[in-house]
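This report concerns only the one structure given below.
Number of protein chains: 4
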Amino acid sequence: MKYKIKSELVYEVYADTAFFLNIQVAKSSSQHVISELFTVSNDIVYKEFLLANNETRFVKFNAKQGQTIQINYETEVEVFCEQISRNQLLQATEITDLDNEVLPFIAPSRHCESDKFFKFANKEFGYYQSNFEKVLAINDWIFNNIDYTPGVTSSNTSANDTLVQREGVCKDFAHLGIALCRALDIPARYFTSYAYQLSPPDIHACFEAYIEGEWIVFDPTKLAPLNGLVKIANGKDATEAPVASFYGNTYCTQMNIECIAIELFNEIVWDGEVGGIVY
Amino acid sequence: MKYKIKSELVYEVYADTAFFLNIQVAKSSSQHVISELFTVSNDIVYKEFLLANNETRFVKFNAKQGQTIQINYETEVEVFCEQISRNQLLQATEITDLDNEVLPFIAPSRHCESDKFFKFANKEFGYYQSNFEKVLAINDWIFNNIDYTPGVTSSNTSANDTLVQREGVCKDFAHLGIALCRALDIPARYFTSYAYQLSPPDIHACFEAYIEGEWIVFDPTKLAPLNGLVKIANGKDATEAPVASFYGNTYCTQMNIECIAIELFNEIVWDGEVGGIVY
Amino acid sequence: MKYKIKSELVYEVYADTAFFLNIQVAKSSSQHVISELFTVSNDIVYKEFLLANNETRFVKFNAKQGQTIQINYETEVEVFCEQISRNQLLQATEITDLDNEVLPFIAPSRHCESDKFFKFANKEFGYYQSNFEKVLAINDWIFNNIDYTPGVTSSNTSANDTLVQREGVCKDFAHLGIALCRALDIPARYFTSYAYQLSPPDIHACFEAYIEGEWIVFDPTKLAPLNGLVKIANGKDATEAPVASFYGNTYCTQMNIECIAIELFNEIVWDGEVGGIVY
Amino acid sequence: MKYKIKSELVYEVYADTAFFLNIQVAKSSSQHVISELFTVSNDIVYKEFLLANNETRFVKFNAKQGQTIQINYETEVEVFCEQISRNQLLQATEITDLDNEVLPFIAPSRHCESDKFFKFANKEFGYYQSNFEKVLAINDWIFNNIDYTPGVTSSNTSANDTLVQREGVCKDFAHLGIALCRALDIPARYFTSYAYQLSPPDIHACFEAYIEGEWIVFDPTKLAPLNGLVKIANGKDATEAPVASFYGNTYCTQMNIECIAIELFNEIVWDGEVGGIVY
């Protein structure tokens, strides 16, 4: 599936500021970048680098007090997301047989205090046989029990807060999903992407759970088609896949995102019955 | 109903310590103290005083480093708890028609952060018509969703922690009940008592909700018969009805509680259908 | 000292809402209300009532969806605040000799988790001889270590948050002061008032500590002259002295406060050396 | 410097349990393992694997309900820790010139909520010129302001709690150190080790800060000589360098640790003036 993505960001710089941006789509075997243009205004020289298994792409640069910085990113990208049949996902790997490199994704992280959720997760979701069914139930539980309310949470908010206060935005939904998976010893990670048909258009946060050797994507907001995502990054939580980090003082005055399909898009009506989707 | 209560407490005093104890049964129109004996060892002179509408009884004294303090309390008390019919409780008073003196019991308190529970309480219990049905549902929800696990919580634990961690003891159950009531604008308060047939015998914590002009008692642990309580105190939460407070350094080495019926006890099998019980 | 106070509040009512307001000045032996006018628009019938030892004054009424409610309050009041000499305040009452009715103000409350601050309070302020010196040190410590930053805190914020995040507004400063006093076994309470020369004019929150039989006022923001306050209410914390509580859905669109001296104001340059001020 | 290390762990297994242990010393250019013996009782087959840049060594195995598992680890290891002169450490790298792979260590993590500490860290330590001086000041501040009190914290405790409650053990000291460094944009990570002369002997937690291209070790407990450590692992916090993780139900009934110098040990009396130590 081919998409055209445009991202335009404008920042006012109130004091000298170091910028770190993670808005470029990931390059991986399932994502082919056909063309790409990244520009920063004011003749600023930026550097690109990779983190997290050389898949997550960052740009860094310094801006001076008083500057108005405009960042433009345009790309055409072909995405080959894969569908895994439900049958393949209903097995149960023992924890000592898990791939070693996914073990860190069972541990709690800044925004996902899974160490506090053992009782709740086991009571609410523990009776399902397979990990796939447990994560499906988690995903539906969040969708049904947490209100999508822009503006009520902040960058300090974590899954513990969201479980109590029952509202938040996509990043809060994702953090709660991750925390509940990990409380059941299921590896889970944060996933950022551009999202087809997301309204209003924005960078979207979902989560992935590691089930039978595959990172299956889940979106507890149910705001975008699950096969309409263009991956930017993954990480333990938002601290490892931050769209933008600043050291200094700056303010985003404009953010325009576009994610257009340049082929006919066939939505997979995904309800868990058809299996899982992998990026 | 008549009870005989014995309370024996022994403390080792590691540094000079001021003791404040609230272990004597309340004297009120529904509770008649037939006889009572309170002694403190080591020839210590103690003072009695009343707080909270002259119903909650405290004893205070100073103990010296190195002392072993034994406190003995024995009382015979007749309790007239009243049953309110379910019909009488199914009305709905507007908040501005509530008795003014109960308004402070809608506000959050140290262990009952009701200000964080609006969404959850309304989603989970909001659809019931009457406040009585809402509190019945809260009581059952706590009983069904929180594990009674001695030792996992501390004196710092509050309803927010218990809602996430899903375990605690009677005080934690009570605090969560209070917080959920207040989040629905129902006045609620903490209630300590001796409890007939509680096993192991201890001072018990429940909660009361103010419904149609009456403080109806609820026990989300369901560990004692609701008409088998002998009231000690009430307050916003454990901070206002503390069994014992110390300023210094002391350690309780022994605590023996007895609550014996000295008449035939007729348990009211209370399931909400029969109405509510008032002390 | 005589003041003229004007308070104008305008609310848009989005859904039927019960209003509880606590904006009228306290009537007490140290505060004489010369004249007073309180009006609510839309022919709304309101009721007045008293809480907390009959000193704190509330008004309650119901407003209907779609209404724009204007509340006007004007009063002339004479305030007789008293100065207590430093010498009188340097004694040390034993905790068991404290007046019983102030004991509840040593316990932690919703916004003042003094139970978590024992170590910090004792390390930082414990070495002072008298309670008065301890509270003076607390007051200065807050002024020096917490930034006054409007907008960073919410109605959920408590002393624990403020101690970590080091910023807030007057209510947060007061809550931290109270919590630190209580951690040192000094009774302390929240105090709301109109404040002469406060800029911008607003309802102000300070705290009082109970020292040698007197409730001495402290203002860790140092934003208003300590002898220029007109008391509205006191309570354990903001939950017991809330300027306004709503049950429904409404939004304050305008709030104009004025506090004018109608006599020559002589500021007591209060630095702790002159003693304490009592309202 | 050569050490002989013995670690003996005994576990009672109450339900089938998956064990993950990270008690073997790291193999790196600065640490040469001369000999090593690792055994698990009950003929249990274990697997070894590496995480985190192939330096952190894990062992995993499954144990059955009812088993008593004894784990023995013995090693002789030569450690070449290096001393970096103070002069070399007093520079100041711009954040955009930092090595990219250390950037994740500026982000907050489960036990190190640096995102809440900006104000405090900058007020208290911000005025030092260089990062090295800032971290020295953080290390001393923790040593002077936090009490070393075994048993008061749990595996849920994080830097936010420790900053308020002012007590903890080595892991809590380390987490607070890390959080304060990151709040000042200094990369910092958790460091576990065997420690010469630590009393009682145990696995020790310290932290490292990234200063001028080197991971300098700091021990805010000051309980062991800084050049007497034998590195086990590093990670963002204890979640990434856990001594032991269990999935099931087991209890450690015995833990004996020994760390003996088998050469003459020359303690570097490290006070920050001599520079920093790197493992």
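Protein chains in written order, with my numbering: chain A, 225 to 503; chain B, 225 to 503; chain C, 225 to 503; chain D, 225 to 503. We treat Cβ as the ideally placed atom computed from N, Cα and C, and that holds for glycine.
Below 7 Å CB to CB, which residues in the same chain sit around Y270 of chain A once its five sequence neighbours on both sides are set aside? When the five nearest sequence neighbours on each side are left out, the beta carbons in the same chain lying within less than 7 Å of the beta carbon of Y270 of chain A are those of V264, V283, K284 and F285, in order along the chain.
Could you pull the DSSP bridge partners for C430 of chain C from this structure? Its beta-bridge partners are C:F415.
Look at the alpha carbon of P328 of chain A and the alpha carbon of L274 of chain C, and state the distance between them as a whole number of angstroms. Using only the alpha carbons, I get a separation of about 58 Å.
Verify the CB distance criterion: does T386 of chain D have a CB-CB separation below 9 Å to chain A? Not closer than 9 Å to any Cβ of chain A, the Cβ of T386 of chain D fails to qualify, so no.
Local Cβ density within 10 Å of K343 of chain B, reported as buried at 16 or more and exposed below that: Buried is the call here.
Checking contacts by CB at 9 Å: is P332 of chain B closer than that to chain C? So, interface residue.
Take K230 of chain C and list the residues in its own chain whose beta-carbon comes closer than 6 Å to its own, dropping the five residues that flank it on each side. Result list for K230 of chain C: E298 and E482, in chain order.
Within 7 Å of chain B by C-beta, residues of the stretch 238–253 of chain C in sequence order: Answer set for the stretch 238–253 of chain C: A242.
Specify the secondary structure class of L422 of chain B as computed by DSSP and reduced to three states. In the structure shown, L422 of chain B falls within a coil segment according to DSSP collapsed to helix, strand and coil.
Report the three-state DSSP secondary structure of G350 of chain D (helix, strand or coil). The answer is coil: DSSP assigns G350 of chain D none of H, G, I, E or B.
For K395 of chain C, would you say it is in contact with chain D, using Cβ-to-Cβ distances shorter than 9 Å as the test? Cβ-Cβ to chain D under 9 Å: no for K395 of chain C.
Nearest-angstrom Cα separation, counted from N480 of chain B out to N490 of chain D: The straight-line gap from Cα to Cα measures roughly 57 Å.
Compare the C-beta of Q289 of chain A with all C-beta atoms of chain B and state if any pair is closer than 9 Å. Cβ-Cβ to chain B under 9 Å: no for Q289 of chain A.
A447 of chain D, DSSP secondary structure in three states: For clarity, residue 447 of chain D is Leu in the given sequence; the question names Ala instead. Coil, per DSSP.
As a quick exercise: from D:C476, D:L261 and D:K395, pick the residue whose alpha carbon is nearest that of Q291 of chain D. Selected option, being the one with the closest Cα: D:C476.
In whole angstroms, what separates the C-alpha of I486 of chain A from that of F397 of chain A? Rounded to whole angstroms, the separation of the alpha carbons of F397 of chain A and I486 of chain A is 29 Å.
Residues within the stretch 453–476 of chain D neighbouring chain A, beta-carbon criterion of under 7 Å: Listed by position, the residues of the stretch 453–476 of chain D near chain A (Cβ gap below 7 Å) are T463, E464 and Y471.
Strictly by DSSP, which residues pair up with D371 of chain B? Per DSSP, B:E391.
Distance CB(Y434 of chain B)-CB(L314 of chain B) smaller than 9 Å: Contact: no.
From G459 of chain B to H335 of chain B, what distance separates their C-alpha atoms? Distance between the alpha carbons of G459 of chain B and H335 of chain B: 12 Å.
Range covered by the alpha helix (DSSP H) that runs through R281 of chain C: Note, R281 of chain C: premise wrong, no alpha helix (DSSP H); beta strand (DSSP E) at T280 to A287.
Identify the residues that DSSP records as bridge partners of Y235 of chain B: which are they? As computed with DSSP, Y235 of chain B is found in a beta bridge with B:I293 and B:C476.
Cutoff 6 Å; reference E279 of chain B; Cβ partners in own chain excluding five residues on either side: The answer, listed in chain order, is A250 and S252.
Would you say the beta carbon of G392 of chain A is closer than 8 Å to some non-hydrogen atom of the ligand SAM? The ligand SAM is absent from the structure shown, which contains no ligand whatsoever.
Taking the alpha-carbon positions, what's the I370 of chain A to A239 of chain B distance? Those two C-alpha atoms are separated by around 50 Å.
What's the gap between the Cα of R413 of chain B and the Cα of V326 of chain B? The alpha-carbon of R413 of chain B is positioned some 10 Å away from that of V326 of chain B.
Under the rule that 16 or more other beta-carbon atoms within 10 Å means buried, what is P332 of chain D, buried or exposed? With a threshold of 16 other beta carbon atoms within 10 Å, P332 of chain D meets it and is buried.
Check whether the stretch 449–467 of chain D and the stretch 410–429 of chain D touch, using three or more Cβ-Cβ pairs below 8 Å as the test. Three or more beta-carbon pairs separated by less than 8 Å link the stretch 449–467 of chain D to the stretch 410–429 of chain D, which places the two stretches in contact.
Please identify, using Cβ separations under 8 Å, the residues of the stretch 353–377 of chain B that lie next to chain A, in order along the chain. Residues N369 and D371.
Going along the stretch 414–445 of chain B in order, which residues come within less than 9 Å of chain A, judged by CB to CB distance? Against chain A - using a Cβ distance shorter than 9 Å - the stretch 414–445 of chain B contributes no residues.
Please confirm whether I319 of chain D has its beta-carbon closer than 9 Å to some beta-carbon of chain A. Chain A contact via Cβ: present.
Pick helix, strand or coil for I330 of chain C, following the three-state DSSP scheme. Residue state, collapsed to three classes: helix.
Beta-carbon proximity list for F349 of chain D, same chain, < 8 Å, skipping 5 on both sides: K358, A361, I362, W365, L404 and L408, listed in sequence order.
Provide the residue span of the beta strand (DSSP E) that contains L261 of chain D, from first to last. Note, L261 of chain D: beta strand (DSSP E), Q255 to V264.
Around the Cβ of Q248 of chain C, are there at least 16 other Cβ atoms within 10 angstroms (buried) or fewer (exposed)? So Q248 of chain C counts as buried.
Can A457 of chain C and R281 of chain C be called in contact, C-beta distance under 9 Å? Cβ distance < 9 Å, so A457 of chain C and R281 of chain C count as in contact.
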